[in-house]
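Number of protein chains: 2
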Amino acid sequence: MTMAAHLNHSMATKAPAAKNSTAEKLLVAAGELMIERNSVEISLADIAQKSGVNAALVKYHFGNKDGLLLALLERDAANEMTHLDFLLAQPLSPTTKMKLHIAGIIKAYHQFPYLNRLIHYLLHGLNRDTADEVTKFFVGPLLDFHRRLLAEGVASGDFREVDPVLFYTTLIGACDHLFFGRQTMMRAAGIGPVTDEVCRSYVAHIEKIVLGGLLTNRARQPSAAGS
Amino acid sequence: MTMAAHLNHSMATKAPAAKNSTAEKLLVAAGELMIERNSVEISLADIAQKSGVNAALVKYHFGNKDGLLLALLERDAANEMTHLDFLLAQPLSPTTKMKLHIAGIIKAYHQFPYLNRLIHYLLHGLNRDTADEVTKFFVGPLLDFHRRLLAEGVASGDFREVDPVLFYTTLIGACDHLFFGRQTMMRAAGIGPVTDEVCRSYVAHIEKIVLGGLLTNRARQPSAAGS
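Top to bottom, those sequences are chains A and B. Numbering (the UniProt record's numbering) for the first sequence: 1 to 227. Numbering (the UniProt record's numbering) for the second sequence: 1 to 227.
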């Protein structure tokens, strides 16, 4: 069930499908505004003006502003989230699946520069229903994916046993933080912006650190039995 | 230079020292309010009422609300931040120093449940000067500590070479995330709160994953040269 479907389920007063040009226009405008302003604090009036769509139609299509922001999150994260089951089913080693997953998360965050703040904003807003929707769409499926992939790796002898909830916290926290504090670090600590090159380096770094710590000694040194 | 000193430097209009009972009362009230409400969104009026101190004195002691919140962050993080140089100077292995550091960060976050959100709030607020103060007090010294400890570990043959900025991002992101998303995870994914026991487990987990990935093969298997 997609998050938009969830939303329809929980907000019975709004239109059934977001898949039409007016709704799409509103999402495009919201995403562009967030990039232009480097902030997720945008108003319905701004979205309406930029999209050329009457603000009243936001209510019709998305229920309210949170509904629009949830739909935007779903649109942007859909690629990575719907990919999880597919990835698990591939005839690849657990290590390769984990590497592809790490690269996928970093890519999604990088492609939509506001994605990380949007998730924070929706999770920590005053509306508990909104936060619950984000958890159901984002946290739950990711955690479930980690649980299954970790079990697969332990069974194959590639991964050491770790607590999936703690592993989720470590991996998602590490990925998220590249995009969270970077702007502040840039100003005060003389560190550059998150470029394509930084993303590639960080994917390699997380593989080295997180996968390095996760792998069994056997999986870590496949060709060297003695030191 | 402490952050309060920084603050005095950059906000010349306020009183020179926060070390007096009125200022302390305001900080205690602010911290207690954040715990009671499980939010860092508290007003000066609320702080004044709870502390029994006239709201005008906030301006006298801290310049403004951001100044008060920065002083609260300094008070709560001071233990861990002032400890960094001391820790580096100890006759301990780089691995032991890193373990103590990880435990120290988790302990500070756990002891002051609002600390993590307070840092996010101040870093992402509209006031750039405030964000810069947080970076100078928090991000800069931590990054410098990581830089020096990582170099020490590489020199001793215990750590693999890693980029300090990327390592900082991984470690602080992983620690921070335990406290960031937990409440939402609790509700929607059936996961319990961050107890003392969870903190201990997470410290052990981060040691296993992050240190596991950081250590050289030699340091990882000190007693087993083969296999």
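By construction, the Cβ of each residue, glycine as well, lies at the ideal position given by its N, Cα and C atoms. Please read all numbers here as calculations on a predicted model, not as lab measurements.
Practice task
May I ask you to list, following chain order, the residues of the stretch 153-180 of chain A that have a beta carbon less than 9 Å from some beta carbon of chain B?
Solution key: Arg160, Val162, Asp163, Val165, Leu166, Phe167, Tyr168, Thr169, Thr170, Leu171, Ile172, Gly173, Ala174, Cys175, Asp176, His177, Leu178 and Phe180
Problem - Where Ala5/B falls, given that 16 or more other Cβ within 10 Å makes a residue buried - result: Residue placement at Ala5/B is flagged as unreliable, the pLDDT there being 39, under the threshold of 50; a coordinate-derived value is accordingly withheld.
Practice task
Spell out whether any CB of chain B is found under 8 Å from the CB atom of Tyr109/A.
Solution key: no
Handout entry: Secondary structure, alpha helix (DSSP H): runs of 4+ residues fully inside the stretch 7-86 of chain B
Key = 21-37, 44-51 and 56-62
Exercise for the section: Could you check how far apart the C-beta atoms of Leu149/A and Lys97/A are, in whole angstroms? I think they sit under 8 Å. Expected result: 6 Å
Exercise for the section: Taking His205/A as the query, report the chain B residues whose CB atoms sit under 9 Å from its CB, ordered along the chain. Expected result: Val162, Asp163, Leu166, Phe167, Thr169 and Thr170
Exercise for the section: For Val210/B, go through chain A and note every residue whose CB falls closer than 7 Å to its CB, in chain order. Expected result: Ile209 and Gly213
Problem - Candidates Ser201/B, Thr82/B and Asp46/B, of which the one nearest Phe145/B by Cα - result: Thr82/B
Problem - Rounded C-alpha distance that separates Leu100/B from Arg160/A - result: 23 Å
Handout entry: CB contact flag (Ala56/A, Glu80/A, <8 Å)
Key = no
Exercise for the section: Could you name the residues of the stretch 190-202 of chain B whose beta carbon sits closer than 9 Å to any beta carbon of chain A, in the order they occur along the chain? Expected result: Ile191, Val198, Ser201 and Tyr202
Practice task
Can you tell me which of the three DSSP states Glu207/A falls into?
Solution key: helix
Exercise for the section: Whole angstroms is fine: what's the gap from Phe112/B's alpha carbon to Ala219/B's? Expected result: 34 Å
Exercise for the section: Going by CA-CA distance only, name the one from Asp129/B, Ser156/B, Asp163/B and Gly157/B that's closest to Leu143/B. Expected result: Asp163/B
Practice task
Using beta-carbon positions only, say whether Thr135/A and Asp66/A come within less than 8 Å of one another.
Solution key: no
Practice task
Tell whether a beta-carbon distance below 8 Å holds between Val194/B and Phe180/B.
Solution key: no
Handout entry: As assigned by DSSP and simplified to three states, the class of Leu126/B
Key = coil
Problem - Helix, strand or coil at Phe180/B according to DSSP, with G and I counted as helix - result: helix
Handout entry: Element boundaries [alpha helix (DSSP H), containing Lys136/B]
Key = No alpha helix (DSSP H) contains Lys136/B, which DSSP labels as neither H nor E.
Practice task
Could you check the C-alpha separation between Val154/A and Leu88/A for me, to the nearest Å?
Solution key: 14 Å
Practice task
Whole angstroms is fine: what's the gap from Leu70/B's alpha carbon to Ile102/A's?
Solution key: 35 Å
Practice task
Just tell me which of Asp85/A, Glu197/A and Asp132/A has its CA closest to the CA of His110/A.
Solution key: Glu197/A
Exercise for the section: Could you check if Tyr202/B is buried or exposed, using at least 16 other CB atoms within 10 Å of its CB as the buried criterion? Expected result: buried
Practice task
Give me the Cα-Cα distance between His9/A and Arg117/B, rounded to the nearest whole angstrom.
Solution key: Bear in mind that the predicted position of His9/A carries a pLDDT of just 37, short of 50, making it too unreliable to give a figure here.
Exercise for the section: With DSSP as the reference, please indicate the residues paired to Phe167/A in a beta bridge. Expected result: None, per the DSSP bridge assignment.
Practice task
State buried or exposed for Phe167/A, treating a residue as buried only when at least 16 other CB atoms are found within 10 Å of its CB.
Solution key: buried
Exercise for the section: With DSSP collapsed to three states, give me the class of Asn217/A. Expected result: helix
Problem - Residues near residue 229/B by beta carbon distance below 8 Å, same chain, minus five either side - result: Because chain B in this structure spans residues 1 to 227, residue 229/B falls outside the shown range and cannot be described.
Handout entry: Phe159/A - DSSP class collapsed to helix/strand/coil
Key = strand
Handout entry: Given Leu73/A as reference, the closest of Leu215/A, Leu27/A, Glu207/A and Gly157/A once Cα atoms are compared
Key = Leu27/A
Problem - Exposure label - Ile35/B; buried when at least 16 CB within 10 Å - result: exposed
Practice task
Taking Leu215/B and Thr95/B to be in contact with their CB atoms under 8 Å, please state how far apart those CB atoms are, rounded to whole angstroms.
Solution key: 7 Å
Exercise for the section: Output the distance between the C-alpha atoms of Ala17/B and His61/B, rounded to the nearest integer angstrom. Expected result: Confidence at Ala17/B is low in this model, with a pLDDT of 45, below 50, so its placement is unreliable and the value that follows should be read with caution. If I take the Cα positions, the gap works out to 8 Å.
Exercise for the section: Return helix, strand or coil for residue 228/A, following the three-state DSSP convention. Expected result: Residue 228/A lies beyond the range of chain A shown here (1 to 227); nothing can be said about it.
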